[in-house]
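Everything on this sheet refers to the single structure shown next.
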Amino acid sequence: MQRIFLFWAVLGCLSPLILSACTACTTRTGAPETTRAAQPNVVLITIETLRADHVGAYGYARNTTPNLDRLAARGARFDNTVAQAPFTLPSIASLMTGQYPPGHGVRNHPAILAAEVETLAERFQADGYQTAAMTRHTWLRRKSGLDQGFDEYHNNKFSAGLDARSLSLAAVDWLEARDPERPFFLWMHFLDPHLPYTPSYPYSVLYRDENADEPRVKHLRSMMALDRENFEPTPYADIPGGPYYDLVFPYYPDNPALLDLAFWRRSRGSIFFGGARYRAEDIAELGELYDGAITYTDDNLARIMKALAELGIEETTVVAVTGDHGEAFGEHGLYFTHDFTLYDEVLRVPLVLHYPAAIEPGTVISQQVRLMDLAPTLLELAGIDPATLGDVDAVSLVPLIEGGSLPFLKAFAESAPRRHMFPEHKRVYFDGNRGSGAWCAPNGGSSSASLTPKEISTSSTTS
Ligand SMILES: [Zn+2]
248 MQRIFLFWAV LGCLSPLILS ACTACTTRTG APETTRAAQP NVVLITIETL RADHVGAYGY
308 ARNTTPNLDR LAARGARFDN TVAQAPFTLP SIASLMTGQY PPGHGVRNHP AILAAEVETL
368 AERFQADGYQ TAAMTRHTWL RRKSGLDQGF DEYHNNKFSA GLDARSLSLA AVDWLEARDP
428 ERPFFLWMHF LDPHLPYTPS YPYSVLYRDE NADEPRVKHL RSMMALDREN FEPTPYADIP
488 GGPYYDLVFP YYPDNPALLD LAFWRRSRGS IFFGGARYRA EDIAELGELY DGAITYTDDN
548 LARIMKALAE LGIEETTVVA VTGDHGEAFG EHGLYFTHDF TLYDEVLRVP LVLHYPAAIE
608 PGTVISQQVR LMDLAPTLLE LAGIDPATLG DVDAVSLVPL IEGGSLPFLK AFAESAPRRH
668 MFPEHKRVYF DGNRGSGAWC APNGGSSSAS LTPKEISTSS TTS
């Protein structure tokens with residue numbers, strides 16, 4: 248396999264003789280001298296439904312993520328990272344392939360990533376890496392096609408409501424049992440921050456308003472479809488823009504209420520678009536539970552970092568932590584979900600890279616990047632030619648990590664054809680001016696589904 252060593256060349260390790268024993272590399276930006284592995288391990292942690300602005304390192308008022316913040320302080324923090332879809336499978340497929348959804352073909356739930364599409368795991372596996380994936384997410388199950396390139400793909404083996412704990416314990420077991428002579432690529436997807444926001448105690452009360460009254464909590468549980476007997480749904484026909492939704496959503500197979508599809512369909516409208524029924528306190532209360540689930544996940548992230556340190560491989564392991572998409576809390580008429588719009592709250596995710604051997608502590612990158620750019624970035628950090636992914640949309644972010652520059656990176660995102668909250672958002676993209684609210688629909692929003700991101704990026708945009 249063709250290998251490029253551009254990264255090392257930039258670091259000053261110009262001689263191939265040095266590559267095999269590059270024990271004193273100093274980055275151009277002055278990172279501490281430390282041992283740099285010829286083939287570092289790579290740990291990729293994706294956190295479900297994690298919006299960037301609820302992460303401490305991204306300026307959140309609550310101390311939700313002390314462990315992720317510490318990782319960011321010791322590595323690189325990307326301040327403006329845009330997911331390529333506001334829901335799980337297309338977004339993760341973009342991350343794993345370096346392609347926009349029209350490129351990899353996964354544009355809805357459910358969908359299957361075609362075998363001929365090159366994935367990050369396949370590239371690591373082809374380069375001799377041990378590869379393992381751990382996720383309990385329904386849409387990320389093996390038959391989604393995301394299992395390509397993984398020696399082991401663990402799915403549906405973890406306890407509901409305790410996903411991050413069981414998953415991180417399983418990951419530590421795997422780390423201890425792996426072949427220490429070969430590098431590895433380990434991907435974990437933590438599910439806990441997703442609706443219905445049910446962190447276990449004490450995370451359930453961590454950010455609780457001391458004055459919260461129990462009737463209010465009951466009301467909220469009802470709104471979240473957890474208290475079926477007391478739930479009074481908005482009639483399906485009354486849903487703005489509805490009826491719009493007819494997919495199965497078996498996220499929580501251990502919650503009987505959510506297995507009742509008729510109930511689920513009726514209730515979704517009131518839950519996600521029923522803004523008039525929410526009070527500000529209601530939204531705040533659910534935000535507290537969401538934040539509790541984030542902190543719970545963050546505490547389990549610490550378990551992974553502790554294991555890497557105890558195994559003596561923290562220095563030789565690239566750790567990437569990000570989210571698959573964000574979550575809406577009523578900013579634009581959408582509540583407690585994410586699929587249906589393309590605003591910052593559902594697309595802007597955190598992205599932290601930790602690799603002491605090559606990343607200067609406290610590196611902050613403000614330039615906009617795309618979540619899919621992580622695929623070529625991780626390959627280049629591992630000394631694997633990103634071009635082996637094929638002709639992809641993503642670019643390696645290594646130049647930014649090293650203090651260099653890249654051209655402005657336009658960010659395209661799309662929701663799914665059957666999930667559009669507003670008809671004019673059937674296929675929506677934005678021109679890269681994140682946060683401007685300038686959402687654009689090519690051709691007036693009527694036939695944009697036929698356009699590829701590359702066509703869109705070269706077409707004139709209106710906002
Ligand atoms: Zn997701």
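For what it's worth, the numbering used here labels the leading residue of the sequence shown as 248, then goes sequentially. Ideal placement from N, C-alpha and C gives every residue a C-beta, glycine not left out.
Asked: Got a list of residues with beta-carbon closer than 5 Å to any non-hydrogen atom of ligand 1, in chain order?; Found: Glu295, Thr335, Asp571
Asked: Taking Glu369 as the reference, give the member of Pro333, Val599, Gln395, Asp316 with the closest Cα.; Found: Gln395
Asked: Less than 7 Å between the beta carbons of Val364 and Thr344, yes or no?; Found: yes
Asked: Three-state secondary structure (DSSP) at Gly570?; Found: strand
Asked: Return helix, strand or coil for Ala549, following the three-state DSSP convention.; Found: helix
Asked: Could you check if Met471 is buried or exposed, using at least 16 other CB atoms within 10 Å of its CB as the buried criterion?; Found: Any answer about Met471 is weak, because its pLDDT of 48 lies below 50 and its placement is not dependable; what the coordinates show is given next. That one is buried.
Asked: If you measure between the beta carbons of Arg321 and His601, is that distance less than 7 Å?; Found: yes
Asked: Just the Cα atoms here: how many angstroms apart are Ala330 and Ala556?; Found: 30 Å
Asked: Using C-beta distances below 6 Å, list every residue in its chain close to Leu506, excluding the 5 sequence neighbours before and after it, in chain order.; Found: At Leu506, the pLDDT of 40 sits below 50, so the modelled position is not reliable; the number obtained from the coordinates is stated separately. The answer is none, since no qualifying residue turns up.
Asked: Which residues in the same chain have their Cβ closer than 6 Å to the Cβ of Leu433, if we skip the five residues on either side of it in sequence?; Found: Val290, Ala379
Asked: Residues in the same chain with beta-carbon distance under 6 Å from Glu574, minus the five sequence neighbours each way, listed in chain order, please.; Found: Thr296, Arg298, His585
Asked: Run through DSSP, which three-state label would Tyr400 get?; Found: strand
Asked: Quick one: using the 10 Å Cβ neighbour count with 16 as the cut-off for buried, is Asp638 buried or exposed?; Found: exposed
Asked: Under 6 Å Cβ to Cβ from Thr312, same chain only, skipping five residues before and after it: list those, please.; Found: Val302, Gly303, Asp545
Asked: Grouping DSSP H, G and I as helix and E and B as strand, with all else coil, what is Ala660?; Found: coil
Asked: Could you tell me the alpha carbon to alpha carbon distance between Ile359 and Pro348, rounded to whole angstroms?; Found: 12 Å
Asked: Would you mind stating whether Ser413 and Asp571 have Cβ atoms separated by less than 7 Å?; Found: no
Asked: In whole angstroms, give me the CA-to-CA distance for Ser613 and Phe325.; Found: 6 Å
Asked: Given that a residue counts as buried once 16 or more other Cβ atoms are within 10 Å of its Cβ, and exposed if not, what is Arg383?; Found: buried
Asked: May I ask you to report which of helix, strand or coil DSSP gives Asn680?; Found: Its pLDDT being 36, under 50, Asn680 is placed unreliably in this model, and the coordinates cannot settle the point.
Asked: Is it right to say Gly306 is buried, meaning 16 or more other beta carbons lie within 10 angstroms of its own, or is it exposed?; Found: exposed
Asked: Taking the alpha-carbon positions, what's the Leu581 to Glu423 distance?; Found: 43 Å
Asked: Could you have a look at Val639 and say whether DSSP puts it in helix, strand or coil?; Found: coil
Asked: According to the neighbour-count rule (16 or more other Cβ atoms, all chains shown, within 10 Å of its Cβ), is Ala658 buried or exposed?; Found: buried
Asked: Quick check on this structure: which residue in Leu621, Pro430, His441 has the alpha carbon closest to the alpha carbon of Thr385?; Found: His441
Asked: If I'm right that Tyr450 touches Ala531 with Cβ under 8 Å, what's the distance once you round it to whole angstroms?; Found: With 8 Å as the limit, Tyr450 and Ala531 do not qualify as a contact, their Cβ atoms being about 17 Å apart.
Asked: Who are the Cβ neighbours of Ala332 in its own chain at under 8 Å, not counting the five residues just before and after it?; Found: Ser338, Ser341, Pro348, Arg354, His572, Ala660, Glu661, Ser662, Ala663
Asked: Could you check what DSSP says for Ile648 in three-state terms: helix, strand or coil?; Found: helix
Asked: Quick one: give me the first and last residue of the alpha helix (DSSP H) that Thr335 is part of.; Found: 335-344
Asked: Ignoring anything shorter than 3 residues or poking outside the region 353-423, list the beta strand (DSSP E) runs there in chain order.; Found: 377-382, 399-402
Asked: So what's Val675 in DSSP terms, helix, strand or just coil?; Found: Any reading at Val675 must be qualified, since the residue scores a pLDDT of 45, below 50, and its modelled position is unreliable; the value itself is stated next. Looking at Val675 - three-state DSSP - the assignment turns out to be coil, as it is neither helix nor strand.
Asked: So for Val593, helix, strand or coil by DSSP?; Found: helix
Asked: What span of residues does the alpha helix (DSSP H) with Arg425 cover, start to end?; Found: Element bounds for Arg425: n/a, residue is neither H nor E.
Asked: Do Asn547 and Ala411 have their C-beta atoms closer together than 7 Å?; Found: yes
Asked: Quick check: what's the CA-CA separation for Gly650 versus Asp632?; Found: 20 Å
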